[in-house]
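Working notes for the structure below.
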Amino acid sequence: MPEDVAAGPVTDEELRRLLDGCLNEAVDPAAILAAMPDAELGRLADGLYRHLDTPSPAFGARFWYVQVSEELRLRHLGSYQSAAIVPGAIAAAGPVASEVPAG
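Heads up: the sequence shown begins at -16 in my numbering, then just goes up one per residue.
If you want it as structure tokens, here you go:
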């Protein structure tokens, strides 16, 4: 079972601690998120997404969701690009096998 599933969803207390800590201290969101393992980052993204779907999300939650999404995007791009430029590897000419053609 993946770690993020085993750990369960991010609790309101964990989100509150993150958001309150960022308001009360000088925090570099990029450094914090870059240091997080993939599973924890995915768990945080899911928790923030669910929290933003509540009637009154906490101040700063949207900012953190955008930052987490950007970090996940950069990690995905980095792994995709590094796989595409491996010497001797053949780059895919068409869509990735998991993609479904439109239409």
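C-beta: ideal position from N, C-alpha, C; glycine also. Computed from a predicted model, the values in this text were never measured in an experiment.
DSSP places residue 4 in the helix class (H, G or I) of the three-state scheme. Look at residue 43 here: in three-state DSSP terms it is coil, with no helix or strand label. Judged by beta-carbon spacing, residue 55 lies within the 8 Å limit of residue 28, meaning their Cβ atoms are closer than that value.
Counting C-beta atoms within 10 angstroms of its own C-beta, residue 30 has 16 or more neighbours from the protein chains shown and is therefore classed as buried. If you check the CB distance, residue 41 and residue 16 do not come in under 8 Å. Taking the Cα of residue -5 as reference, the smallest distance to any Cα among 49, 36 and 9 is reached at 36. In the displayed model, residue 12 falls within a helix according to three-state DSSP. For the pair residue 26 and residue -7, the Cα-to-Cα distance works out to about 6 Å.
The DSSP-derived three-state label of residue 36 is coil.
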